[in-house]
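Numbers 25 to 255, taken from this note's numbering, label the letters of the sequence shown in order.
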Amino acid sequence: MAKQNKNSDKITFKVKHLDEYHEIVIDPNDDRYESKHQRQQIFEQLESITGVPSRYTVDVLIHVLRNRNLSVDTVRYPWSFSNQKAYVPDSLARYSALPDFYDLNIFDGERFYLIYDISYSHDVSKHLSMHYTLVDEGAVPDEGCSLRACQYQCSESYFKRLKDLICNNEMNAKITQLVQTQMESDWELDTIFREFNVKQHFSIKCDVVDRWSIAMNGHARRHDLYLRTRG
């Protein structure tokens, strides 16, 4: 069982990626960064784990307890951290160093499941970019999917597809050129992403989420399909 990290300034936890656990250590004494930018360590270590360049990782969302006392609080809350290195010089968004990574309630040895999705980050990186989510391991079933984790999305073949798209700099340059000249409507952007066969990866369709949506709202989100026209 994970223990509270009371005797060390370091934050240490484990991340499961493609059936393998990796340890992540955030050290406040790392003098490469100012104290408010120590979060950059997690992006560097995720790059080492996944092979996706950290400059193309926009953010990481971590589900943690608001209160360390498990007897009174078992609900997880998402904390979002932006990656400073993903912001290009002419980015339209402004980087924020908040919240403080050391405000997180993470236990020593706590285990998380690595979830990922991509989008075209026009405001930040001007590139297809990764978004990571760290979900507590207990919320992920051994088999099948849950509301927080789709097993198909976490497969080696699917991750490789996302990684290849992000690392295809030639294709990304073409997309960026078209996006910069056709920013008039969402429809025009969708057309670009569909032509390059990337739109389908921006939103994962999972039957578990659809069933939950039907139970809660009486209907599921519509997922449009399209044919590949340009690779």
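Ideal Cβ positions, reconstructed from N, Cα and C, are used throughout, including at glycine.
| request: Count the other C-beta atoms from every protein chain shown that fall within 10 angstroms of the C-beta of W211, then say buried if there are 16 or more, exposed otherwise. | output: To locate residue 211, count along the sequence shown from 1; it is residue 187. Residue environment analysis places W211 among the exposed positions, since fewer than 16 neighbouring C-beta atoms fall within 10 angstroms of its C-beta.
| request: Give the single residue among Q62, Y101 and S153 whose Cα lies nearest to the Cα of V82. | output: Counted from its first residue, the sequence shown places residue 82 at position 58. Considering only alpha carbons, the answer is S153.
| request: Determine the direct distance from the alpha carbon of V88 to that of Y101, and round the result to whole angstroms. | output: Counting from one through the sequence shown, the residue named residue 101 turns up at place 77. Counting from one through the sequence shown, the residue named residue 88 turns up at place 64. Approximately 5 Å, taken between the alpha carbons.
| said: Give me the residue from I73, E68, R63 and D132 with the minimum Cα distance to F105. | reply: Working through the sequence shown from its first residue, we reach residue 105 at position 81. The residue with the shortest Cα to Cα distance from F105 is R63.
| Counting Cβ pairs, one atom from each stretch, are 3 or more of them under 8 Å apart for the region 127-140 and the region 151-171? | The region 127-140 is in contact with the region 151-171.
| For D51, which residues of its own chain have a beta-carbon under 6 Å away from its beta-carbon, when the five flanking residues on both sides are left out? | Along the sequence shown, read from residue 1 onward, the residue named residue 51 stands at position 27. Within the same chain, D51 has close Cβ partners K34.
| request: Take W103 as the anchor and find which of T36, Y126 and E180 has the nearest alpha-carbon. | output: Numbered from its first residue, the sequence shown carries residue 103 at position 79. Scanning T36, Y126 and E180 for the CA closest to the CA of W103 turns up Y126.
| task | Please state if the CB of D166 and the CB of S115 are separated by a distance shorter than 8 Å. | result | Start at 1 with the first residue of the sequence shown, and residue 115 comes out as number 91. Start at 1 with the first residue of the sequence shown, and residue 166 comes out as number 142. No; because the gap between Cβ atoms is not below 8 Å, this pair is not in contact.
| field | Span separating the alpha-carbon of C178 from that of V76 | value | On the sequence shown, position 154 is the one that residue 178 refers to. On the sequence shown, position 52 is the one that residue 76 refers to. Going from the Cα of C178 to the Cα of V76 covers about 15 Å.
| task | Determine the contact status of V39 and L128, defining contact as a CB-CB distance below 8 Å. | result | Walking along the sequence shown from the start, residue 39 turns up at place 15. Walking along the sequence shown from the start, residue 128 turns up at place 104. It is not a contact, given that the beta carbons lie outside the stated cut-off.
| message | Give me the DSSP bridge partner(s) of K40. | response | For the purposes of this step, residue 40 is taken as residue 16 along the sequence shown, with counting starting at 1. DSSP lists Y45 and Y137 as partners of K40.
| message | For a quick check, are the C-beta atoms of T200 and H151 less than 8 Å apart? | response | Counting from one through the sequence shown, the residue named residue 200 turns up at place 176. Counting from one through the sequence shown, the residue named residue 151 turns up at place 127. The Cβ-Cβ distance between T200 and H151 falls below 8 Å.
| request: Go through the region 144-170 residue by residue and report every complete run of the beta strand (DSSP E) that reaches 3 residues or more, in order. | output: As far as the region 144-170 is concerned, its whole beta strand (DSSP E) runs of at least 3 residues are 152-160.
| task | Hey, could you find the ends of the alpha helix (DSSP H) F125 is sitting in? | result | Residue numbering aside, residue 125 sits at position 101 when the sequence shown is read from its first letter. Counting along the chain, F125 falls outside any alpha helix (DSSP H), and DSSP gives it neither H nor E.
| query | Is the CB-CB distance between S143 and Y80 below 8 Å? | reply | The residue given as residue 143 occupies position 119 in the sequence shown. The residue given as residue 80 occupies position 56 in the sequence shown. Their beta carbons are not under 8 Å apart, which means S143 does not touch Y80 by this criterion.
| What are the start and end residues of the beta strand (DSSP E) that includes V112? | To locate residue 112, count along the sequence shown from 1; it is residue 88. It is not in any beta strand (DSSP E) - V112 carries neither H nor E in the DSSP assignment.
| field | V84 beta carbon less than 8 Å from that of Y156 | value | The count along the sequence shown starts at 1 and reaches residue 156 at position 132. The count along the sequence shown starts at 1 and reaches residue 84 at position 60. For the 8 Å CB-CB criterion, Y156 and V84 form a contact.
| field | 7 Å Cβ shell around Q108 - same chain, five flanking residues per side excluded | value | If you number the sequence shown from 1, residue 108 lands on position 84. Hits under 7 Å: H61, Q64 and Y119.
| said: If you follow the alpha helix (DSSP H) that V82 is in, where does it begin and where does it stop? | reply: Here residue 82 refers to the residue found at position 58 when the sequence shown is read from its first residue. Segment T81 to L89 is the beta strand (DSSP E) holding V82; no alpha helix (DSSP H) there.
| query | Of all the CB atoms in chain C, is at least one closer than 8 Å to the CB of S120? | reply | Note that chain C does not occur in the displayed structure, where there is just one protein chain.
| said: Let me confirm a value: L122 is counted as buried when at least 16 other C-beta atoms fall within 10 Å, else exposed. Which label applies? | reply: Against the sequence shown, residue 122 aligns to sequence position 98. Label assigned to L122: exposed.
| Which residues does DSSP pair with P102 in a beta bridge? | Taking the first residue of the sequence shown as position 1, residue 102 is located at position 78. For P102, which the question treats as bridged, DSSP gives the partners H87.
| Should Y176 go down as buried or exposed, given a rule of 16 or more other Cβ atoms within 10 Å for buried? | For the purposes of this step, residue 176 is identified with residue 152 of the sequence shown, where counting begins at 1. Burial call: exposed.
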